[in-house]
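A.B. asks:
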Amino acid sequence: MYLIEAEKLKKVYAEGKSKNTIAIEDFNLKVKEREFTSIVGPSGCGKSTFLLLVSGLEKATAGKLYINGQPVNGPDPLRSIVFQEYLLFPWKTVRGNVEFGLEIKRIPKKKRREISSAYIELVGLEGFENRYPHELSGGMKQRVAIARALVNKPKVILLDEPFGSLDALTREGLQTELLRIWHEAKCTVLFVTHSISEAVYLSDKVAIMSKRPGRIKELITIDLPRPRTKDMFVSSEFREYERYLKELVWEEFNDVTNEI
Amino acid sequence: MTLPMKYKYRKIISPICLMVIWEIVGRFIWVDPFFFPPPSAMFKELYAMIITGEVFPHIAISITRALSGYILAAVAGLTIGLLVAWSSAVEDIIDPLIELIRPISTFALVPVMFIWFGIGNGSKIAIIFKACFFPIVLNTIAGIKGVDKKLIQAARSLGANGSQLWIKVLIPAALPMIVTGMRISTAMSMLAIVGVEMLAADSGIGFLVIDAQRTFATARMFAGIIVISFLGFSLDRIARIIQNRMLAWHTETSLSGGMV
Ligand SMILES: Nc1ncnc2c1ncn2[C@@H]1O[C@H](COP(=O)(O)OP(=O)(O)OP(=O)(O)O)[C@@H](O)[C@H]1O
Ligand SMILES: [Mg+2]
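Protein sequences appear in the order of chains P and X. Using my numbering, read the first sequence as starting at 950 and increasing by one per residue. Using my numbering, read the second sequence as starting at 271 and increasing by one per residue.
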């Protein structure tokens, strides 16, 4: 039994009559409950598109997409997405942004404050509760976006390059936090990244996508023991996964550059 | 706006120089004081108006008229603007009317308003309404339509839908533009009220000026103009203060160069 099932999934963005973009096509991916799956692939291959389809914010053009055996039908707060562009609400403070999902659920103010404080602490933004997004650095905004997505206690977390603009130290800290949250909340994670070592370090499975129109080229199981530790980065197994995945990604990248 | 004090003084240099030169020309060089009453005469006249209290009923009646028209325009502009942005059917019906009436100069409609509403307060309020309505309705429509689609997606993924999207996302996100429209209209209301009071009125600050001109009291006429200038300036300042208070998150972004 799979939690997420994508079969022959296709998404075409229609821009006017003649200009259509086939973002993904013949996309097949099955994800088990509580699995941590990373998606890597060349820029523009449709990674964000797939996350949007799973979130229910975009509708597939063709193919099947099931979650828990049910076809995806619109967004659901139990499937949270952390956008590549953060998309914080600029008129709300850090706290206001984090509390948005709770506000929508009409949770009383006091309770909201308690919950948001916990998540703000989790992402290391204590002391910045009353700042507005334009007063934050890119990495801080990204952390607000993560906290905002987590308050709803989602069953599926979709993360679109969430650590892209973080410095190495914060990045490592949040990677560890993410693994902890994933472990504790017993949720399922889809994680888009450009960093292969990050994908290997975090994931049960890494999906390599082809260039656009994107499809899953290979799904590799990462057979490293859990809990993962930083010293695994230098283990020969880790290196071997990295090397193999890099090769697969480079093939796609070369295809792209050849076309140009 | 947060210039250091010593730079703020620079801003009053040019008005003072103008006054001084005018005074010198008026006194020592032969010009007809009927055309160029020296500032000292104007301010003497202004002082008299204030001391006798004669000017205040005129100011009060002008502001009452301007405010009545403005409030009606704000209510109608916001309501119609939101409806147009909400439904394309409403847009198709209303938009042609807006596009047809908007380019007509406010003062071209004065005769029509006189016929419909008489030469009393009704027509004046209608003229103010015409002047104020369009900036508000157009900015409301543009503001709502300009909200980043992705921001709406972010809110939907957190569980917001229907009216919640309007109250918690669309309106707050559009507020900077809506408030800008309302601020432009405060200036419009001042321009329109003075103009229409010059055409037909027996009270109001515009009447005071035109009445002084008709009775060849030019110093008094200029004193009235100073009052108008002062009123317009204060109104704009008040509007700006309200705008900055409401949009602390936004004005600071635009000041620092970046937009939301
Ligand atoms: N809303 C949209 N309208 C039209 N075309 C779109 C839209 N969103 C994405 N596309 C197109 O679909 C393709 C896939 O985009 P997508 O954002 O999914 O790629 P990605 O793999 O996430 O890329 P990146 O790694 O750069 O984030 C691209 O060619 C893009 O131009
Ligand atoms: Mg992307």
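For each residue, glycine too, the CB sits at the ideal point set by N, CA and C. Quantities reported herein were computed from a predicted structural model and do not represent experimental measurements.
1. Which chain P residues are close to Gln-483(X), counting only those with a beta carbon under 8 Å from its beta carbon?
2. Suppose contacts are defined by Cβ-Cβ distances below 8 Å. Is Leu-435(X) in contact with His-328(X) by that definition?
3. Looking at the structure shown, is Asp-302(X) part of a helix, part of a strand, or coil, going by DSSP?
4. On the three-pair Cβ rule with 8 Å, is the segment 397 to 407 of chain X touching the segment 369 to 379 of chain X?
5. Can you give the beta carbon distance from Val-1100(P) to Leu-1036(P), rounded, assuming they're within the 8 Å contact cut?
6. Alpha helix (DSSP H) containing Val-497(X): first to last residue?
7. Express the C-alpha separation of Pro-1162(P) and Trp-1199(P) in angstroms, rounding to a whole number.
8. If distances are taken between C-alpha atoms only, which option among Thr-986(P), Glu-954(P) and Lys-979(P) comes closest to Leu-1151(P)?
9. Note down, in chain order, all residues in the segment 408 to 431 of chain X with a beta-carbon under 9 Å from any beta-carbon belonging to chain P.
10. With a threshold of 8 Å between beta-carbons, can Tyr-1081(P) be considered close to chain X, or not?
11. Quick one, which of Ser-459(X), Lys-314(X), Gly-323(X) and Met-447(X) has its alpha-carbon nearest Gly-339(X)'s?
12. Chain P partners of Pro-532(X), CB-CB under 7 Å?
13. Provide the residue span of the alpha helix (DSSP H) that contains Asp-362(X), from first to last.
14. Pull up the distance between the alpha-carbon of Leu-367(X) and that of Ser-455(X), whole angstroms please.
15. Is Ser-1114(P) near ligand 2 - that is, is its Cβ less than 7 Å away from at least one heavy atom of it?
16. Find the nearest neighbour of Gly-995(P) within the set Lys-968(P), Lys-960(P), Asn-1022(P) and Asn-969(P), judged by alpha-carbon distance.
17. CA-CA distance, Gly-388(X) and Ala-471(X)?
18. So for Leu-525(X), helix, strand or coil by DSSP?
19. Would the beta-carbon of Thr-456(X) be found less than 7 Å away from any heavy atom of ligand 4?
20. Determine contact between the segment 291 to 310 of chain X and the segment 463 to 470 of chain X, defined as no fewer than three beta-carbon pairs at a distance below 8 Å.
21. Taking the beta strand (DSSP E) that Gly-474(X) falls in, what are its first and last residues?
22. Figure out for me which residue from Ile-1157(P), Gly-1087(P), Glu-1048(P) and Val-980(P) has the closest Cα to the Cα of Asn-1079(P).
23. Buried or exposed for Phe-1182(P), going by 16 or more other Cβ atoms inside 10 Å?
24. Taking only the alpha-carbon atoms, compute the straight-line gap between Lys-1195(P) and Asn-1203(P) and give it to the nearest angstrom.
25. Nearest-angstrom Cα distance between Glu-1259(P) and Ile-1169(P)?
26. Using the beta-carbon of each residue, which ones in chain P are nearer than 7 Å to Trp-434(X)?
27. Please report the straight-line C-alpha distance between Val-382(X) and Ser-393(X), rounded to a whole angstrom.
28. Using the DSSP secondary-structure output, state which residues sit across from Met-1158(P) in a beta bridge.
29. If you measure from the beta carbon of Ser-992(P) to each beta carbon in chain X, is any gap under 8 Å?
30. Roughly how many angstroms lie between the CA atoms of Lys-438(X) and Pro-1176(P), to the nearest whole one?
31. Assign Ala-1096(P) to buried or exposed, taking buried as 16 or more other Cβ atoms, counted over all protein chains shown, within 10 Å of its Cβ.
32. Anything in chain X within Cβ reach of Ser-1004(P), meaning under 7 Å, just list it in chain order.
33. Alpha carbon to alpha carbon, how far is Pro-442(X) from Leu-1115(P)? Give it in angstroms, no decimals.
34. For Gly-990(P) and Gln-1091(P), I'd like the C-alpha separation in whole angstroms.
35. Provide the residue span of the alpha helix (DSSP H) that contains Val-1149(P), from first to last.
36. If we ignore side chains and look at the alpha-carbon of each, how far apart do Gly-390(X) and Ser-473(X) end up?
C.D. replies: On the basis of the data shown:
1. Within 8 Å Cβ-Cβ: nothing; Gln-483(X) doesn't reach chain P, min ~48 Å.
2. It is not a contact, given that the beta carbons lie outside the stated cut-off.
3. coil
4. Cβ pair count under 8 Å is three or more, so yes.
5. In this structure, Val-1100(P) and Leu-1036(P) do not form a Cβ contact; the two beta carbons are roughly 15 Å apart against a cut-off of 8 Å.
6. 488 to 516
7. 17 Å
8. Thr-986(P)
9. Asp-418, Lys-420, Leu-421, Gln-423, Ala-424, Ala-425, Arg-426, Ser-427, Leu-428, Gly-429, Ala-430 and Asn-431
10. So yes, Tyr-1081(P) belongs to the interface.
11. When Ser-459(X), Lys-314(X), Gly-323(X) and Met-447(X) are compared, the shortest CA-CA separation from Gly-339(X) is found for Ser-459(X).
12. Any answer about residue 532(X) is impossible in this case: the structure gives chain X only from 271 up to 530.
13. 358 to 371
14. 19 Å
15. Flag unset: Cβ of Ser-1114(P) not near ligand 2.
16. In this structure, Lys-960(P) is the residue among Lys-968(P), Lys-960(P), Asn-1022(P) and Asn-969(P) with its C-alpha nearest to the C-alpha of Gly-995(P).
17. 11 Å
18. Note that Leu-525(X) scores a pLDDT of 38, beneath 50, so its modelled location is shaky; the value from the coordinates is reported in the next line. Reduced to three states, the DSSP call for Leu-525(X) is helix.
19. As presented, the structure is devoid of ligand 4, carrying ligand 1 and ligand 2 as its sole ligands.
20. When Cβ pairs closer than 8 Å are counted between the two stretches, the segment 291 to 310 of chain X is seen not to touch the segment 463 to 470 of chain X, the count staying below three.
21. Boundaries for Gly-474(X): no beta strand (DSSP E) harbours it, and the DSSP string shows neither H nor E there.
22. Glu-1048(P)
23. exposed
24. 12 Å
25. There is no way to answer for residue 1259(P), as the model of chain P reaches only from 950 to 1209.
26. Looking at the sequence shown, residue 434(X) is not Trp but Gln. In chain order: Ile-1053.
27. 9 Å
28. Ile-1165(P)
29. no
30. 41 Å
31. buried
32. The CB of Ser-1004(P) comes closer than 7 Å to the CB of Ser-427 in chain X, given here in chain order.
33. In a straight line, the C-alpha of Leu-1115(P) is about 29 Å away from that of Pro-442(X).
34. Cα to Cα, Gly-990(P) sits roughly 21 Å from Gln-1091(P).
35. Going by DSSP, Val-1149(P) is part of the alpha helix (DSSP H) stretching over 1145 to 1151.
36. Cα to Cα, the separation comes out at about 10 Å.
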